[in-house]
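Under full-length UniProt numbering, the first residue of the sequence shown is numbered 1, with each subsequent residue one higher.
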Amino acid sequence: MPILLFLLDTSASMNQRTYLGTTYLDVAKGAVEVFMKLRARDPASRGDRYMLVTFDDPPYGVKAGWKENHATFMCELKNLQASGLTTLGHALRTAFDLLNLNRLVSGIDNYGQGRNPFFLEPSVIITITDGNKLTHSSGVPDELHLPLNSPLAGSELTKEPFRWDQRLFALVLRLPGAATPDNEQLGSVPTDESAVTQMCEVTGGRSYCVRTQRMLNQCLESLVQKVQSGVVINFEKTGPDPLLVGEDNSAESTRPVSSFNPQPWHSCHKLIYVRPNPKTGVPVGHWPIPESFWPDQNSPTLPPRSAHPMVRFSCVDCEPMVIDKLPFDKYELEPSPLTQFILERKSPHMCWQVFVNSSGKQNDLGQPFGYLKASTTLTCVNLFVMPYNYPALLPLLDDLFKVHKLKPNLKWRQAFEMYLKTMPPYYLLPLKKALRMMGAPNLIADTMDCGLSYSVISYLKKLSQQAKIESDRLIVSVGKKAPQETGIKVKNHSSALSLAHRRDYKQLLQGITGEGPLRLVDINFKEFAGFQIALLNKDVKPQAYRNAYDIPRRNLLDQLTRMRSNLLQTSQKLIRGQDEDYLHSIPVAQMGNYQEYLKMMPSPLREIDPDQPKRLHTFGNPFKQDKKGMMIDEADEFVAGPQNKKRGNSGDSSSGATLKRRRSMSPLLRRPQTPPGNTNHVVGKSPTGIQGQQNLIKPIPQHKGKTLQATWDELCNTLVTSVFVSVFSSDYGTILSLLQQVKGPPNVKRYFIQHAIKEAIR
């Protein structure tokens, strides 16, 4: 999972404008978005993790860390503002500490146990800055310095603040502000001469001097190609140079001529690619790169290691050794002068052994742990990592399987035990695992330890716990805003009195204004006793009608027109000091922030009738009701099909409009599906198809066993029930109480029913 950390310069100098009309900060934001689009073309980008760090003082510089998602990253990127100092050193230290947060918890550094290239978190730090002078609160430094005191637990175990799988790249913006440069360079982009360039080269990265928008796009495409899974290693030549191709093996040709004339391939600081397993997506390996010290069980501490291991290669040609079923690790080298020199020799069947100084018991070059070899097709150079001192181990294992048939004699066991004593103890576990894969699981006893003392093991466990606590603390602090400063205090470095307290203050003032002779010797222009520079409070809403300093320069003429119309207004509708345009003006970014508007509204009054359903005040439809709290007429839910209703003054006898079903309609307005057993409500229909403007509903009673009064009373109750259920379908208690009150002669009920029908139709 590659980690892409963007370190953006938010100093005040990033507000300068380019020939494009945008500021440097806008160019940096656009570069981040373009990089993400270019990176999204690669299918391997699905596991990318993006982080955002600025030049703000820690811990406020981390805008998006380990727990923030892509939406938070983009939101923080758009909200960045340039208003600080160019504290590049502190920002880089914050970025490295953020990346190293979980390394002690996960244990991928494997301190004291060898370096495993397949335990890695490939990280690319992309810094976008303007390359101006470095500034901080104490002055203007000439060189880039990273703070040595890190709050991260276990940082003392590595000499440098970075690790071997972390590389720094810098985009130094040098875009002019006047006009487009005519002589635009084509081809490779040169490195910049700022202070960050050396830091990039130390980590295995590089810087880019960007002068045009086209060069910026070219640099972004190059950076996308730099996102590779791998670790950086220092390769240095040891011993004499190899024989040139075609030379004989004479004494003159073997003389180490290059000791006086160093070549570029003698020392390379390059990446080795650690490819993930295609099936699991995780790198798989077996053998570590040895430490540069021999583990001592009596030592209470571990010596600090360098971030990049120093691997020395001997130019003596050897034959590559390998036996069946013995695992080995193969890593491809990044193109460099070393790989070019090896490929030009065109010897794919020969190899150069690699060593690590002081890795054995004796403080010397140590024993070989692998070799460099060109591929058979001469397209690349690979680093093969084998067991430590493999020239001594491989013949023993070959004899074990082919000669002794897994039944070694005493002489073989003695030779194998002698080999184990010369091997670093942290190789025991991978060697035992490899022998188990080969079919010889019982050659190494389980009682052999890893070589670390008890105090070192307990110290590493303690560091892991502290790192977990520090990780949780930093994750919580991500996204917090820095407290608003009231002002910048100007220090007084002189002990003399202020100019205002001098007796000859008037003469000095006349000299400054030109009314008298100026005496520059007596004036100290660097003296500011007790002064404090006020800062703009961005939380205070600008008052353009009351404070002239709140008016931007580009809006002076428009504001003057508004103030003139406000002064001459005769209407009292608007507040003095405001106009209609000002009252309804709101930034575009805040137009959809309805929740903040609701928070500022006063709390609503309680409902008059608590039994009424509460309405949901949702944005866009404040009249939407909560259907969960409403009572629904079950009879209306299952009634479907069109209803026919007669229209007045209709000339067509068959004209019956098909109406949509409404919940407010009475059961008499619906076409009955099955007639009831003892009643039948029929919709009125004239034989000729013509009906005047009469009542919409004409009930025809079909009861023969009941009196007319009883049928009318039953019909009244049915109508009242259906109408009130349809109209006031929110409170059954009120409906029932109203129905109980409808008593008396038929004319009263008839009047009540007509009134209810009018309400329903309306």
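Ideal Cβ placement from N, Cα and C applies to all residues, glycine included. All of these numbers come straight from a predicted model, not from anything done at the bench.
DSSP three-state assignment for residue i, whether helix, strand or coil
i	result
residue 261	coil
residue 1	coil
residue 44	helix
residue 545	coil
residue 306	coil
residue 453	coil
residue 464	helix
residue 380	coil
residue 603	coil
residue 299	coil
residue 403	coil
residue 780	Since the first residue of the chain shown is 1 and the last is 762, residue 780 is not available in this structure.
residue 507	helix
residue 516	coil
residue 422	helix
residue 198	helix
residue 443	coil
residue 337	helix
residue 193	coil
residue 479	coil
residue 375	coil
residue 561	helix
residue 569	coil
Buried or exposed by the 16-neighbour rule on C-beta atoms within 10 Å, applied to residue i
i	result
residue 14	buried
residue 68	buried
residue 606	exposed
residue 379	exposed
residue 602	exposed
residue 64	buried
residue 207	buried
residue 434	buried
residue 471	buried
residue 75	exposed
residue 9	buried
residue 230	buried
residue 138	exposed
residue 592	exposed
residue 692	Summary for residue 692: the model assigns pLDDT 42, below 50, so the residue's position carries little reliability, and this model does not support an answer.
residue 70	exposed
residue 87	buried
For residue i, the nearest candidate out of the options (CA to CA)
i	options	result
residue 303	111, 102 and 565	111
residue 427	342, 299, 320 and 287	287
residue 271	217, 337 and 241	337
residue 412	424, 398, 187 and 597	398
residue 175	565, 202, 168 and 215	215
residue 430	32, 268, 289 and 72	289
residue 325	71, 11, 9 and 437	437
residue 439	294, 117, 402 and 134	402
residue 419	361, 469 and 441	361
residue 407	478, 442, 221 and 358	442
residue 322	600, 369 and 89	369
residue 53	89, 153, 37 and 202	89
residue 115	66, 285, 125 and 25	285
residue 314	341, 345, 334 and 353	353
residue 342	188, 305, 327 and 383	383
Opposing strand residues paired with residue i [DSSP bridges]
i	result
residue 171	128 and 208
residue 273	230 and 332
residue 289	115
residue 312	236 and 355
residue 64	52
residue 385	329 and 370
residue 318	351
residue 8	54 and 128
residue 585	DSSP lists no partner for residue 585.
residue 17	23
residue 84	11
residue 267	236
Any non-hydrogen atom of the ligand GTP within 7 Å of residue i CB
i	result
residue 585	Within the structure as shown, the ligand GTP is missing, as the structure has no ligands at all.
inquiry  = My parser needs the beta strand (DSSP E) runs of 3 or more residues fully inside the segment 100-167; what are they?
reply    = 123-129
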